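Residue numbers (numbering that gives the first Met the number 0), protein chains in the order written: chain W, 0 to 214; chain U, 0 to 214. Just so it is clear, CB atoms sit at the ideal spot from N, CA and C, and this is done for glycine as well. What you are looking at is a predicted structure, and each value in this text was computed from that prediction instead of being measured.
Number of protein chains: 2
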Amino acid sequence: MSEKPIHNVWIVEDDELFRASLEDLVELEDQLELVYSVNSIEKAFEGFETKPIPSVILEDIELPGMSGIEAIRYYKKQFPDVAIIMLTIFDDDDRIFEAIKAGADGYLLKRSSGEEIVKGIQDVLAGGAPISPSIAKKMMRLLSGNSPKNKETNLTKRELTILKLLVDGNTIDMISAKLFISPFTVDTHTKNIYRKLQVHNRSSVVARAIKDGLV
Amino acid sequence: MSEKPIHNVWIVEDDELFRASLEDLVELEDQLELVYSVNSIEKAFEGFETKPIPSVILEDIELPGMSGIEAIRYYKKQFPDVAIIMLTIFDDDDRIFEAIKAGADGYLLKRSSGEEIVKGIQDVLAGGAPISPSIAKKMMRLLSGNSPKNKETNLTKRELTILKLLVDGNTIDMISAKLFISPFTVDTHTKNIYRKLQVHNRSSVVARAIKDGLV
DNA sequence: TAAGAAATACCGGGAACCCGGTATGGTAGT
DNA sequence: ACTACCATACCGGGTTCCCGGTATTTCTTA
Numbered sequence: 000m001s002e003k004p005i006h007n008v009w010i011v012e013d014d015e016l017f018r019a020s021l022e023d024l025v026e027l028e029d030q031l032e033l034v035y036s037v038n039s040i041e042k043a044f045e046g047f048e049t050k051p052i053p054s055v056i057l058e059d060i061e062l063p064g065m066s067g068i069e070a071i072r073y074y075k076k077q078f079p080d081v082a083i084i085m086l087t088i089f090d091d092d093d094r095i096f097e098a099i100k101a102g103a104d105g106y107l108l109k110r111s112s113g114e115e116i117v118k119g120i121q122d123v124l125a126g127g128a129p130i131s132p133s134i135a136k137k138m139m140r141l142l143s144g145n146s147p148k149n150k151e152t153n154l155t156k157r158e159l160t161i162l163k164l165l166v167d168g169n170t171i172d173m174i175s176a177k178l179f180i181s182p183f184t185v186d187t188h189t190k191n192i193y194r195k196l197q198v199h200n201r202s203s204v205v206a207r208a209i210k211d212g213l214v
Numbered sequence: 000m001s002e003k004p005i006h007n008v009w010i011v012e013d014d015e016l017f018r019a020s021l022e023d024l025v026e027l028e029d030q031l032e033l034v035y036s037v038n039s040i041e042k043a044f045e046g047f048e049t050k051p052i053p054s055v056i057l058e059d060i061e062l063p064g065m066s067g068i069e070a071i072r073y074y075k076k077q078f079p080d081v082a083i084i085m086l087t088i089f090d091d092d093d094r095i096f097e098a099i100k101a102g103a104d105g106y107l108l109k110r111s112s113g114e115e116i117v118k119g120i121q122d123v124l125a126g127g128a129p130i131s132p133s134i135a136k137k138m139m140r141l142l143s144g145n146s147p148k149n150k151e152t153n154l155t156k157r158e159l160t161i162l163k164l165l166v167d168g169n170t171i172d173m174i175s176a177k178l179f180i181s182p183f184t185v186d187t188h189t190k191n192i193y194r195k196l197q198v199h200n201r202s203s204v205v206a207r208a209i210k211d212g213l214v
């Protein structure tokens, strides 16, 4: 076996102190080489032609200026094989989902230990996706759809049944036929669902039902 | 501040060797107390009435007999506050998604180090969701991959704008007012959206848009 | 057993939707 | 210059929704 391969690392982080500690972390690892470290996305882009191709980019998601999420797409376009780790202060950041969709490979909290961050870099290089546990919790909620609100909807069984059929695009008459009840009854249930969910039309009820994981 | 709280741990694992090493791991931690360790789900259920309530259950997902995923629901029903960590040999296990939906709190590979498993237990106790990086990769694919058509819906810019407003529950007249265009125009766009997405009513278009991540 | 919730059923009127048309000016590409 | 597409605008007729009511029959549960 020969030497372990060396991996180039870029850092994009505007907090000077935090960036300095990231730099230290990377430099202390033998198999990592810090090749570019900047405080804005705009500067990062300037390195596209001049700096060594990165294997890993560490990027703050809360950067001022251009959205850190938009930037992900550009990095991936420029360097298709790069692994991107987003860093964030907050674990309840709505941008997590956006970043994942844009192609981020990992998602770590800034309050993670240095050890955890280094391990995260190794994980992405091995093809894994390092995720801080509290962020993973968010992701799992998204996947399982059990958003916290869904426990307090106090919809009855019958109302839930009808709600599912509404979400599937059925009209009142269709539901009436499928459940063998009068269309008037379906109408009544529908009105009650609207009242309980505080919406006033079909579109909103469908949107609410899906987003809150009621179906 | 008094002593750190002690957390009860159950282990459900049929591989005798692996179970023994899990037992060792737990027993070596001061704040963890191994209170029940069995090799099948059936036996685990027997402990519902007689054994101390667990804070954490470590369970193999590949157990013979009753599905480990079904078991999750029973544990959660019996002990609503318990944190469940599933253990698996394979990171490409299709049951990952099922387990998450059933309410598992964490998902670790058996090949994880003892250190990582102990950290995982601490993570769930802190309300997080420990996930092995290679499994997290799977999850992220599910999250980002559930909108594959997203790029090829051939909706125009304007149609997308109107679609978003439709999903938010706006009527044609409201959209017309917001975009400063005639309601007839909005109607035309809506018809074109219906045709392109092959749906025939508001509910279906909202459902499609949300589920396919078009909005 | 009395009260309350759930499920059922009905009516009418105004609003909104769905669809099949037709039509025109602008703009991007070949 | 021609084609294709986009965004805009209009009409009419049938369908469906939305909301305000009222009302009866189970269930459940305190």
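Of the candidates W/180, W/158, W/182, the residue whose Cα lies closest to the Cα of residue 204 of chain W is W/158.
In the three-state scheme derived from DSSP, where H, G and I count as helix and E and B as strand, residue 87 of chain U is classed as strand.
Bridge partners of residue 41 of chain W according to DSSP: none are assigned.
In the structure shown, the three-state DSSP call for residue 6 of chain W is strand. Membership of residue 25 of chain W in the alpha helix (DSSP H) is indicated by the continuous run 15–27. For residue 59 of chain U, the pairing in a beta bridge is given by DSSP as U/86. In the DSSP assignment, residue 158 of chain U is bridged to no other residue.
For the stretch 155–169 of chain U, the set of positions with a beta-carbon nearer than 9 Å to some beta-carbon of chain W reads 165, 166, 167, 168, 169 in chain order. DSSP places residue 66 of chain W outside both helix and strand once states are collapsed to three, so it counts as coil. Its Cα nearest to that of residue 55 of chain U, the residue U/116 stands out among U/63, U/116, U/178.
At least one beta carbon of chain U lies nearer than 7 Å to the beta carbon of residue 129 of chain W.
Separation of residue 132 of chain U and residue 107 of chain U (C-alpha to C-alpha, rounded to the nearest whole angstrom) is 9 Å. For residue 122 of chain W, the C-beta contacts it makes with chain U under 7 Å involve 132, in order along the chain. The C-alpha of residue 81 of chain W lies about 40 Å from the C-alpha of residue 202 of chain U. Residue 205 of chain W reaches chain U at 202, 205, 206, counting residues in chain order whose Cβ is nearer than 7 Å. About 14 Å separates the CB atoms of residue 90 of chain U and residue 105 of chain U; that is not less than 8 Å, and the two are not in contact.
In this structure residue 177 of chain W is in contact with residue 164 of chain W, their Cβ atoms being roughly 7 Å apart against a cut-off of 8 Å. Inter-residue distance for residue 94 of chain W and residue 50 of chain U is about 43 Å (C-alpha atoms, whole angstroms).
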